[in-house]
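Per the numbering used here: the sequence shown = residues 58 to 442.
Don't be surprised by glycine CBs; every beta carbon is placed ideally from N, CA and C.
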Amino acid sequence: MRRVWIGVVLASLTFTCVNAVNAQSVQGVVTGSVADSSGAVVPNADVTLTNEGTGIKQQQTTGSDGSFRFGLVPPGAYTLAVKAQGFTERDVKGIIVEASTTVPVNVTLSVATAQAVVEVSEQEAMVQTATSDVALTINQRFIESAPLLTRNVFDLAFAAPSVTQGMNFQATSGGARESGTTYMLNGADNNDNFSEGAYNISPPLASVQEFTMLTNNMSAQYGHASGAMVSAVQKSGTNTFHGEAYEFNRNRSFNASDFFANRAASPKPKYIRNQFGGELAGPIVKDKTFFQFTFDRQDLREGGEIVQQVPTSSELAGMTASAGPLAQYYFGKYKPLTSEAPCPSEAQFQPDAIGHIGCIHVFDPILTPVNVYVGKIDQNFSTQD
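Following this line, the structure appears as structure tokens:
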């Protein structure tokens, strides 16, 4: 009996300590049907979907209604090959699969008269008809050329319609709270549960292949998001080696001064930001194992100005003359700082302080180095592994 109670207690503790796991995916879907030139469906046709970068293949056979469906397709460019007995083989190239999207591809076969292969190029649909998602998808080329001041990929969320900045400076969609925005990285939860509407990891721009933001009518797999779903997918290695290096610089020569600094004729504070790094990707074992690695470093040097209000020399003399014995003792032992320099905007906001209060300006240089390392390995498993 005692063992039974111990088992019940342990089982209760197990279920009590379970964390929520979100069943979400950033993979795409390729679906369609195969028919002949008369419109009749072609069952039992062999359909092969090949990733043009890695050579990884997925194979299916059409059903009795001539339909096929490839689920969990990683984002990238693909070729769809269709073979059926008595028909000419057809290859559809340039199929672009984006994260969390469904791509319809309908193939028409012609009767075989000679040994031949028909190649066509898939044209991207102007309107998404496979799903009702309202989404913004940004590809790798735009990500790398986007004028992002902070070099933060999740700032791309503000390019989507109905997205504004919330009270905590995070993205909010359609009037929802910032906590209604959920973040994903490679299909995994990337939310900071201790800060409203914040994310944990911001990968370097050079490592991101695709950015997607769903703002309305999203599927049930994104149930955690009441406002919007923001997703970033990192690059994968291919059968071809690829590398890049970059440097991003900001300094006070290019920065504008603010209104009050211009009014006081103050020089621009020191500000030098260098963000540099590189990315390398390629095969470890051809058609089987691939890698991708990105290094990003940010060096921020800025002059932190501290402005402290202190009495003028005449004000201190008056305070000392009217002070009691104890104050006289401390004024003599610890001589207070004084300044005759006016404070910024003093005449505008503190006119009564003129002649009584001065300001001391202290410049404290600040160095903020940040190193980010991101790596990824993809393995193509087969029945022989």
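State the Cα-Cα distance for the pair serine 370 and leucine 357, rounded to the nearest angstrom.
Start at 1 with the first residue of the sequence shown, and residue 370 comes out as number 313. Start at 1 with the first residue of the sequence shown, and residue 357 comes out as number 300. Between serine 370 and leucine 357, the C-alpha separation is close to 38 Å.
Three Cβ pairs or more, each shorter than 8 Å: is that satisfied between the stretch 370–379 and the stretch 312–327?
no
Could you tell me the alpha carbon to alpha carbon distance between tyrosine 135 and glycine 244, rounded to whole angstroms?
By 1-based counting over the sequence shown, the position of residue 135 is 78. By 1-based counting over the sequence shown, the position of residue 244 is 187. The alpha-carbon atoms of tyrosine 135 and glycine 244 are separated by roughly 20 Å.
If you drop the 5 nearest sequence neighbours on each side, which residues of the same chain put their C-beta closer than 7 Å to that of alanine 380?
Looking up residue 380 in the sequence shown gives position 323. Closer than 7 Å at the Cβ level, and outside the excluded window around alanine 380, lie Phe388.
Is proline 368 closer than 8 Å to histidine 418 when the C-beta atoms are compared?
Here residue 418 is taken as the residue at index 361 of the sequence shown, counted from 1. Here residue 368 is taken as the residue at index 311 of the sequence shown, counted from 1. Cβ distance not < 8 Å, so histidine 418 and proline 368 don't count as in contact.
Specify the secondary structure class of isoleucine 153 as computed by DSSP and reduced to three states.
Your numbering for residue 153 matches position 96 in the sequence shown. In this structure, isoleucine 153 counts as strand in the three-state DSSP scheme.
Through-space distance from serine 396 to alanine 289, alpha-carbon basis:
Taking the sequence shown and counting its residues from 1, one reaches residue 289 at position 232. Taking the sequence shown and counting its residues from 1, one reaches residue 396 at position 339. Computed Cα separation, rounded: 53 Å.
Could you spell out where the beta strand (DSSP E) holding leucine 137 opens and where it closes?
Reading the sequence shown from its first residue, position 80 is the one you call residue 137. Start and end: 133–140.
Does the Cβ of isoleucine 434 have 16 or more other Cβ atoms within 10 Å, making it buried, or fewer, making it exposed?
Translated into positions along the sequence shown, residue 434 becomes position 377. Classification of isoleucine 434: exposed, given that the 10 Å Cβ count is below 16.
According to DSSP, residues forming a beta bridge with leucine 166
Here residue 166 refers to the residue found at position 109 of the sequence shown. Asp93, per the DSSP bridge assignment.
Here's a check: name, in chain order, each residue in its chain whose Cβ is nearer than 8 Å to the Cβ of glutamate 201, leaving out the five neighbours to either side.
In the sequence shown, counting from the first residue as 1, residue 201 sits at position 144. So the list reads Leu262 and Ala263, once near-sequence residues are dropped.
Quick one: grab the DSSP three-state call for tyrosine 279.
To locate residue 279, count along the sequence shown from 1; it is residue 222. Tyrosine 279 falls in the helix class under three-state DSSP.
Suppose contacts are defined by Cβ-Cβ distances below 8 Å. Is isoleucine 152 in contact with leucine 129 by that definition?
Looking up residue 152 in the sequence shown gives position 95. Looking up residue 129 in the sequence shown gives position 72. Contact flag unset, no.
Counting only the same chain and skipping the five closest in sequence on each side, list residues whose C-beta sits under 6 Å from that of glycine 361.
Taking the sequence shown and counting its residues from 1, the one referred to as residue 361 is at position 304. Same-chain partners within the cutoff: Asp421 and Ile423.
Taking the alpha helix (DSSP H) that glutamate 397 falls in, what are its first and last residues?
To locate residue 397, count along the sequence shown from 1; it is residue 340. Premise fails: glutamate 397 is in no alpha helix (DSSP H) and is neither H nor E.
Roughly how many angstroms separate the alpha carbons of glutamine 142 and alanine 102, rounded to a whole number?
Counting from one through the sequence shown, the residue named residue 142 turns up at place 85. Counting from one through the sequence shown, the residue named residue 102 turns up at place 45. One C-alpha to the other measures close to 8 Å.
Have a look at threonine 447 and asparagine 257 and give me their C-alpha separation to the nearest angstrom.
Since the first residue of the chain shown is 58 and the last is 442, residue 447 is not available in this structure.
Buried/exposed call for proline 131, threshold 16 Cβ in 10 Å
As a working mapping, residue 131 is identified with position 74 in the sequence shown. That one is buried.
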